[in-house]
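J.: Once you've had a glance at the structure underneath, I'll fire off some questions.
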Amino acid sequence: YNAGVNGGLGKDFQYRIENDYGNAPIQNLTSTDLRCRSKNAIITGTGVDRLSIDAGETLTFRWDHANNSVVLPVLPRSHLGPCMVYMAPLSTKGDGNSWFKIYEDGYDTKMKKWCSIKLIDDWGILNVPIPKNIPNGDYLVRVEVLALHPRLVVGATQFYPNCFVITVSNGAGSSLPKGYSIPGTYGYKDPGVYFARNQDPTNYKIPGPPVFTDSKSA
1 YNAGVNGGLG KDFQYRIEND YGNAPIQNLT STDLRCRSKN AIITGTGVDR LSIDAGETLT
61 FRWDHANNSV VLPVLPRSHL GPCMVYMAPL STKGDGNSWF KIYEDGYDTK MKKWCSIKLI
121 DDWGILNVPI PKNIPNGDYL VRVEVLALHP RLVVGATQFY PNCFVITVSN GAGSSLPKGY
181 SIPGTYGYKD PGVYFARNQD PTNYKIPGPP VFTDSKSA
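With the first letter of the sequence shown counted as 1, position 134 gets the number 134 in the working numbering; the numbers rise by one all the way through.
Below, the structure is given as structure tokens:
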């Protein structure tokens, strides 16, 4: 897992918060582990490099399977679901209503692909623009993929979040976007969580809060 700016990538794990789960998902939606797949509820970013990026630039992520191989470089193709990206000021340590969503991609009706499949086909690369209208400072960035269960079962959806630390410069915002709590923003019966991968994907609704965009006031 690594990250970079405008298509470039840093060293593996250089900017990432420690992941205590390897390839394993989170399924307990009340656990603070849902933030970053880290068992440390207090996320300080200590010992992690900060990736410097300007507001408005593109943040590039690369996902890897923990046992990376030619056969399974990213995720199993059976893992169908959306991708989402959140940010939170690093000073909050991920606590409270600090997380705002900056990106989401569910089922693409034109390409007939879930975001998870796009991620696999792009060898784990995901490019996400950083909003221009946010304050400067250090942020946690939470990148997440969901894997929907083949049957409609409460609590079966798998969450795969990873967190990185960035420093944003040249932001035009004077205040933060509206934030939401993680855990707390997802419920077991939310339409985008309680959804089987064999259902009609064109009816899928991505879970969580709305995406913050520069057209919305911070």
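Yeah, the Cβ is synthetic: ideal placement off N, Cα and C, and Gly gets one too.
None of the values given here were measured: they were computed from a predicted structure.
1. Could you name the residues that DSSP lists as bridge partners for Gly137?
2. Thinking C-alpha only, which one of Ala3, Arg16, Thr30 and Ser52 is nearest Ser170?
3. Taking C-beta to C-beta, are Asn136 and Ala55 nearer than 9 Å?
4. On the criterion of 16 or more Cβ atoms from any shown chain inside 10 Å, does Ser217 qualify as buried, or is it exposed?
5. Locate the beta strand (DSSP E) running through Leu126, then write down its first and last residues.
6. Pair every Cβ in the segment 168 to 187 with every Cβ in the segment 197 to 206, then say whether three or more of these pairs are closer than 8 Å.
7. Do the CB positions of Pro191 and Lys101 come within less than 9 Å of each other?
8. Tell me whether Thr46 is buried or exposed, calling it buried when 16 or more other Cβ atoms sit within 10 Å of its Cβ.
9. From the DSSP output, read off the bridge partner residues of Arg37.
10. Provide the residue span of the beta strand (DSSP E) that contains Ile53, from first to last.
11. Could you check whether Ile134 and Lys93 sit closer than 9 Å to each other, using their CB atoms as the reference points?
12. Have a look at Leu146, Phe159, Asp121 and Met84 and flag the residue whose alpha-carbon is nearest the alpha-carbon of Phe212.
13. Given that a residue counts as buried once 16 or more other Cβ atoms are within 10 Å of its Cβ, and exposed if not, what is Met111?
14. According to DSSP, is Asn203 part of a helix, a strand, or is it coil?
15. Under DSSP, the alpha helix (DSSP H) around Ile117 begins and ends at which residues?
16. Cutting at 8 Å between CB atoms, please list the residues of its own chain near Ile26, excluding the five before and the five after it.
17. So, for Val74: in the same chain, excluding its five sequence neighbours on each side, which residues have a beta-carbon less than 8 Å away from its beta-carbon?
18. Take the Cβ of Thr202 as the centre, count every other Cβ of all protein chains shown within 10 Å, and call the residue buried at 16 or more, exposed below.
19. So, under 8 Å CB-CB, Tyr107 and Tyr204 are touching, yes? Tell me the CB distance rounded to an integer number of Å.
20. What's the gap between the Cα of Lys178 and the Cα of Lys132?
21. Verify whether the separation of the beta carbon atoms of Met87 and Leu140 is less than 9 Å.
22. Note down, in chain order, each residue of its chain lying with its Cβ closer than 7 Å to the Cβ of Asp105, except the 5 sequence neighbours on either side.
23. Between which two residues does the beta strand (DSSP E) containing Gly4 stretch?
T.: By the coordinates alone:
1. Per DSSP, Val168.
2. It is worth fixing the name first, because residue 170 is Asn in this sequence and not Ser. For the residues Ala3, Arg16, Thr30 and Ser52, the minimum Cα distance to Asn170 belongs to Ser52.
3. Here Asn136 is near Ala55, since their CB atoms are less than 9 Å apart.
4. Only weak support exists for where Ser217 lies, its pLDDT of 46 falling under 50; the coordinates are left without a value.
5. Taken as a continuous stretch (DSSP letters only), the beta strand (DSSP E) holding Leu126 covers Ile125 to Pro129.
6. Here the segment 168 to 187 does not lie against the segment 197 to 206, with fewer than 3 beta-carbon pairs under 8 Å apart.
7. No, they are not a contact pair.
8. When all chains shown are included, Thr46 counts as exposed.
9. As computed with DSSP, Arg37 is found in no beta bridge at all.
10. It spans Leu51 to Asp54 - the beta strand (DSSP E) in which Ile53 sits, taken as one unbroken run.
11. For Lys93 and Ile134, no; Cβs fall outside 9 Å.
12. Nearest to Phe212 by C-alpha distance, out of Leu146, Phe159, Asp121 and Met84, is Met84.
13. Exposed, because fewer than 16 other Cβ atoms sit within 10 Å of the Cβ of Met111.
14. Shown here, Asn203 sits in a helix according to DSSP, grouped into three states.
15. Counting along the chain, Ile117 sits inside the alpha helix (DSSP H) bounded by residues Cys115 to Asp121.
16. Result list for Ile26: Asp33, Leu34, Arg37, Gln158, Phe159, Tyr160 and Pro161, in chain order.
17. For Val74, same chain residues with a beta-carbon under 8 Å away, outside a window of 5 residues either side, are Trp63, Asp64, His65, Leu119, Ile120, Trp123 and Gly124 in chain order.
18. That one is exposed.
19. Under the criterion of beta carbons closer than 8 Å, Tyr107 and Tyr204 qualify as touching, at roughly 5 Å.
20. Distance between the alpha carbons of Lys178 and Lys132: 15 Å.
21. Yes.
22. For Asp105, where only same-chain residues beyond five positions count, the Cβ hits under 7 Å are Pro82, Cys83 and Cys115.
23. For Gly4, the enclosing beta strand (DSSP E) covers residues Asn2 to Val5.
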